[in-house]
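With the numbering used here, you'll find the sequence shown wraps up at 525, consecutive numbering, no jumps. Ideal Cβ positions, reconstructed from N, Cα and C, are used throughout, including at glycine. Just below is one structure, and these are the notes that go with it.
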Amino acid sequence: MTAFTRIMVGLYLAIAALPFAVMTLKLPDHEIFGALPRAGIPELSVGGFRSEDYQKAYTVWFESRLGGKGYSIATDNAILYHLFRDTKPGSAVGLGRRGVLFKDEDLAYYNKNGDDLPPQARVDALADKIGALQALLAAHHRALVPLIIPSKTTLYRSDVPPPWTRDLGQPRPSDLQVYDAMKRALDARHIRYVDARALFTAPGVVREQVWGRQGRHWTTYGACLAMHDVMRDYGALAGVATPAYDCLPGREWRPTTHDHFDLWNLLNLWRPPRINQVVPLAQHAAPPPGTATPSVMFVGTSFCWNIMHDATASQRFGEMHMNYYNKTLVAWPVNIHTDVQPRSPAWRAVFLGKDLYVLDLLEVFLLAPDTYVDEFLAEVGGELAHTLGDAPGPAKAP
Numbered sequence: 128m129t130a131f132t133r134i135m136v137g138l139y140l141a142i143a144a145l146p147f148a149v150m151t152l153k154l155p156d157h158e159i160f161g162a163l164p165r166a167g168i169p170e171l172s173v174g175g176f177r178s179e180d181y182q183k184a185y186t187v188w189f190e191s192r193l194g195g196k197g198y199s200i201a202t203d204n205a206i207l208y209h210l211f212r213d214t215k216p217g218s219a220v221g222l223g224r225r226g227v228l229f230k231d232e233d234l235a236y237y238n239k240n241g242d243d244l245p246p247q248a249r250v251d252a253l254a255d256k257i258g259a260l261q262a263l264l265a266a267h268h269r270a271l272v273p274l275i276i277p278s279k280t281t282l283y284r285s286d287v288p289p290p291w292t293r294d295l296g297q298p299r300p301s302d303l304q305v306y307d308a309m310k311r312a313l314d315a316r317h318i319r320y321v322d323a324r325a326l327f328t329a330p331g332v333v334r335e336q337v338w339g340r341q342g343r344h345w346t347t348y349g350a351c352l353a354m355h356d357v358m359r360d361y362g363a364l365a366g367v368a369t370p371a372y373d374c375l376p377g378r379e380w381r382p383t384t385h386d387h388f389d390l391w392n393l394l395n396l397w398r399p400p401r402i403n404q405v406v407p408l409a410q411h412a413a414p415p416p417g418t419a420t421p422s423v424m425f426v427g428t429s430f431c432w433n434i435m436h437d438a439t440a441s442q443r444f445g446e447m448h449m450n451y452y453n454k455t456l457v458a459w460p461v462n463i464h465t466d467v468q469p470r471s472p473a474w475r476a477v478f479l480g481k482d483l484y485v486l487d488l489l490e491v492f493l494l495a496p497d498t499y500v501d502e503f504l505a506e507v508g509g510e511l512a513h514t515l516g517d518a519p520g521p522a523k524a525p
């Protein structure tokens, strides 16, 4: 064996042993964003060993703690991104034109067609349930305000690269069978709702003020524009006077851990280029003294976080909760998380007495079967119908 061969073999063995050595010595690693939580070490048993379940679980445990994994991932991703302007196949983040980053779920929604889209009966049934609960609450001077939230590919569709675009034409089938179909169904039932997609694509709106190129979610300023219209509808439905919900645009430096940079962080590479350095947000004048502060529950996805942040900054609400995917209840601003336990005494105390419910209708998840929307409408709608009685008729736009 030549000296060169010995050196190469030694180098190979050192590299192969390095992750185990780093894990054993518990050396610090590069942070990985969006990673799954570490797996627990499995319990050894004869049955588990014979079925190989133990071996599989042990492999998952070992790989989840592999030393230097973060550095390895960051290096691999950096080579692919900087040299080839791409992200790894199967990555949750796709690189579009002009450095725009897209979540895989948004890209999938953009390309849905045929049986991947809901039938009209699904749209009509959901609109019926929304209308029934809105009418019921309005009869008791309270409000349910549905809020249509666009997919990022809806706002940045010109930045979706051709390799990720099925030849489905414009408007996309998802526009016709989700967005347009839902609007028609809501309008036909005279349901009041807020259309953030229309707000964000209106003339004069600066797109990057309402949605950053490197973020999955809308900005706090974009959420404020939506809440401005939510408060308008709340006042009309509940028959109450509401103070002006002003949205003065502002900008503020925030750390890169802020959710405005969430897709940027998910690239998990060395020195990813930054497009947005600051976070667009809204500035609020203090409400007039003695202004009523209604209680509110935000029902939906992670898009509710920025709505809730802006609602807090507005000082226009009292008790505030988020019903996150109808699985986790978040008390705000104390930020206490508890499991949602439908029809329990604690659940009834929090869920049934709000003045305002804001129902997040995110395009991407809107008409999938058995979503948080269906669960919330069935559980809260059913309990309120039993408690308050039937509404006199469908909600009418004043």
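For G167, there is no enclosing alpha helix (DSSP H), as DSSP marks it with neither H nor E. Contact between H344 and D386 is confirmed by a C-beta separation of about 6 Å, below the 8 Å threshold. M135 has no beta-bridge partner at all, per DSSP.
Sequence-distant partners of L394 (beyond 5 residues in either direction) whose C-beta falls short of 8 Å from its own C-beta, in its chain, are N204, Y208, T214, V220 and L228. Judged by DSSP in its simplified three-state form, D487 adopts strand. The beta-carbon distance between F503 and N433, rounded to whole angstroms, is 20 Å. This is too long to meet the 8 Å contact definition. Residue nearest to T281 within the set G508, H268, W474 and N238 is N238 (criterion: CA-CA distance). Residues V406 of the same chain have their beta carbon placed closer than 6 Å to that of R381, with the five preceding and five following residues left out of the count. Annotation for G221: the continuous beta strand (DSSP E) segment containing it runs V220 to L222.
For K256, the enclosing alpha helix (DSSP H) starts and ends at Q247 to A265.
Under the 8 Å Cβ criterion, the segment 499 to 514 does not count as touching the segment 440 to 448, having fewer than three qualifying pairs. Just measuring C-alpha positions, the residue of Q468, T418 and L489 sitting nearest F430 is L489. Straight across, the Cα-Cα distance linking T383 with A248 is about 44 Å. For K310, no beta strand (DSSP E) run applies; the uninterrupted alpha helix (DSSP H) run containing it begins and ends at A308 to A315, by DSSP.
Ranking I257, P298, D294 and R340 by CA distance to the CA of K279 puts R340 first.
Taking C-alpha positions only, A413 is separated from F444 by approximately 12 Å. Note that the C-beta distance between E379 and L408 is below 7 Å. Counting other Cβ atoms within 10 Å of its Cβ, H411 reaches 16 or more and is therefore classed as buried.
The Cβ-Cβ distance between H267 and G366 does not fall below 7 Å.
Collapsing the DSSP output to three states places A235 in a helix. Judged by their CB atoms, V485 and V272 are nearer to each other than the 7 Å cut-off.
A straight line joining the alpha-carbon of A329 with that of Y181 spans about 57 Å. Contact annotation: P370 and T428 have beta-carbon atoms that are not nearer than 7 Å. When beta bridges are read from the DSSP output, H464 appears opposite V457.
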